[in-house]
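K.L.:
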């Protein structure tokens with residue numbers, strides 16, 4: 001199977017059918033036989049096209065004589081993949097890119113072969129001029145940023161609102177960079193230093209993360225499509241793949257041995273198992289999710305890591321069970337969100353969701369926060385988090401919650417965001433609150 005054709009098929013599934021990039025690429029690679037080099041090209045084409053789609057469409061529009069939306073879906077994606085190679089990859093000759101795209105078009109939409117050939121050759125003739133993109137030439141700076149880095153304007157505005165102009169201008173150009181590949185040491189089985197020694201012996205290049213004592217970066221390891229989960233050390237339960245932004249939430253919760261903990265939106269279990277590590281596998285963690293098949297991921301992770309204090313339950317966090325009132329010492333609500341803080345890892349997020357869907361998500365968050373307060377013991381701790389950079393889902397949500405729940409108090413200095421300037425971690429919002437004693 002040609003990696004370009006496979007990439008076009010996967011992009012069809014992701015962009016037209018709503019597939020998730022990480023699951024789609026994993027499934028696609030499992031059903032075909034590709035060399036290591038072709039696997040790398042496939043992953044690069046899928047993620048590179050997703051990450052730069054708005055910019056690629058802008059470039060294509062400069063040479064097209066018809067609107068993009070009028071193109072056949074397969075033809076549009078073939079052109080986007082070819083344009084990505086022309087402007088972002090230097091190891092493939094331009095003539096080969098055009099020939100491969102035309103051949104692929106012949107297999108999928110034969111009547112469009114001449115059209116694709118003409119468009120791409122027109123791009124090659126104007127390549128230098130098209131690539132000469134300067135933000136200062138745009139009267140609307142945010143519009144220029146949006147197009148160049150393929151981030152919808154509403155997200156650009158939220159980053160400016162949260163981080164300010166200077167920091168947003170630092171972060172946004174890096175949102176298409178490959179994120180660090182970070183492991184969380186399973187301290188129930190091994191120390192970070194011992195794990196780094198084991199990883200080095202396997203020819204890897206580990207580096208200690210700077211934010212949390214369990215974190216290890218693997219240098220030179222691609223953050224997408226890695227086979228690290230096949231390593232003996234993984235199956236032995238010595239580590240979990242987790243970003244430091246996510247690790248910070250469990251540390252903020254600060255669980256203690258013997259406590260009763262609730263993880264309201266627990267799947268796939270990265271934070272749940274980290275909480276278990278921090279409480280030394282003593283006490284009980286109720287890990288809930290609305291999807292039963294995702295609870296199986298938590299159970300599997302717990303077995304692999306040697307954790308016995310987690311109990312999984314299928315539950316809808318927007319519904320309150322009376323038996324849960326004032327039961328839990330600590331609650332983590334890592335709420336459903338728009339995910340705009342993890343665009344590097346899931347680039348398709350930028351192309352999804354509308355105002356109606358975002359409003360529905362905020363309503364769900366509000367209901368779950370209300371239920372969390374009810375389920376928390378007097379004197380208990382609630383950590384609210386999202387992987388979204390959007391005050392409507394975060395600061396404003398907390399303001400409304402606290403105004404409706406005078407029994408809850410925010411701990412000073414705990415409300416804020418992580419971001420990629422902090423040792424490369426994802427952007428998470430976090431806030432820690434305590435419930436007054438009766």
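Numbering (full-length UniProt numbering), first residue to last: 1 to 438. Glycine included, each C-beta is placed from N, C-alpha and C at the ideal position.
(1) Mark residue 319 as exposed unless 16 or more other C-beta atoms lie within 10 angstroms of its C-beta, in which case mark it buried.
(2) Using beta-carbon positions only, say whether residue 328 and residue 385 come within less than 8 Å of one another.
(3) Going by DSSP in three states, residue 264 sits in which element: helix, strand or coil?
(4) In the structure shown, what three-state DSSP assignment does residue 453 receive?
(5) Tell me which same chain residues have a C-beta within less than 6 Å of the C-beta of residue 199, skipping the five on either side of it?
(6) Using three-state DSSP, classify residue 287 as helix, strand or coil.
(7) If I measure Cβ to Cβ from residue 277 and keep anything under 7 Å in the same chain, skipping five residues before and after, which residues do I get?
(8) Using only the alpha-carbon positions, how far apart do residue 88 and residue 170 sit?
(9) Taking all protein chains shown into account, do 16 or more other C-beta atoms lie within 10 angstroms of the C-beta of residue 272, making it buried, or fewer, making it exposed?
(10) Taking 8 Å as the threshold, find out whether the segment 417-432 comes into contact with the segment 172-186 through three or more Cβ pairs.
(11) Would you decide whether residue 80 is buried or exposed? Buried here means 16 or more other CB atoms lie within 10 Å of its CB.
(12) Measuring CA to CA, which of 393, 345, 413, 330 is closest to residue 383?
(13) Do residue 32 and residue 1 have their C-beta atoms within less than 8 Å of each other?
(14) Just how far apart, CA to CA, sit residue 269 and residue 298?
(15) Determine contact between the segment 233-245 and the segment 285-300, defined as no fewer than three beta-carbon pairs at a distance below 8 Å.
(16) When the Cα atoms are used, what is the spatial distance from residue 280 to residue 368?
(17) At what residue ranges does the segment 284-368 contain a whole run of the beta strand (DSSP E), taking only runs of 3 or more?
(18) Which of helix, strand or coil does DSSP assign to residue 470?
(19) When the cut-off is 8 Å and only beta carbons count, does residue 3 lie next to chain B?
P.N.:
On the basis of the coordinates in this document:
(1) Counting from one through the chain shown, the residue named residue 319 turns up at place 319. So residue 319 counts as exposed.
(2) As a working mapping, residue 328 is identified with position 328 in the chain shown. As a working mapping, residue 385 is identified with position 385 in the chain shown. Contact: no.
(3) As a position in the chain shown, residue 264 is number 264, starting the count at 1. Coil, per DSSP.
(4) Only positions 1 to 438 of the chain appear in this structure, which leaves residue 453 out of reach.
(5) Position 199 of the chain shown, counted from the start, is the residue given in the question as residue 199. Sequence-distant partners of residue 199 (beyond 5 residues in either direction) whose C-beta falls short of 6 Å from its own C-beta, in its chain, are 206.
(6) Sequence index remark: in the chain shown, residue 287 carries index 287 (1-based). In the structure shown, residue 287 sits in a strand (DSSP, three-state: E or B).
(7) Working through the chain shown from its first residue, we reach residue 277 at position 277. Answer for residue 277: 186, 187, 188, listed in chain order.
(8) Counted from its first residue, the chain shown places residue 88 at position 88. Counted from its first residue, the chain shown places residue 170 at position 170. If I take the Cα positions, the gap works out to 21 Å.
(9) Locating residue 272 in the chain shown gives position 272, counting from the first residue. Burial call: buried.
(10) yes
(11) In the chain shown, counting from the first residue as 1, residue 80 sits at position 80. Residue 80 should be labelled buried.
(12) Indexing the chain shown from 1 puts residue 383 at position 383. For residue 383, the nearest C-alpha among the options comes from 330.
(13) If you number the chain shown from 1, residue 32 lands on position 32. If you number the chain shown from 1, residue 1 lands on position 1. Going by C-beta atoms, residue 32 is nearer than 8 Å to residue 1.
(14) Translated into the one-based positions of the chain shown, residue 269 becomes position 269. Translated into the one-based positions of the chain shown, residue 298 becomes position 298. Straight-line Cα distance between these residues: approximately 5 Å.
(15) no
(16) Looking up residue 280 in the chain shown gives position 280. Looking up residue 368 in the chain shown gives position 368. Approximately 28 Å between the Cα atoms of the pair.
(17) Those beta strand (DSSP E) runs which fall completely within the segment 284-368 and span 3+ residues are 284-289, 310-314, 328-334.
(18) The structure shown has nothing for residue 470, since the chain only spans 1 to 438.
(19) Although the question refers to chain B, the structure presented lacks it and comprises just one protein chain.
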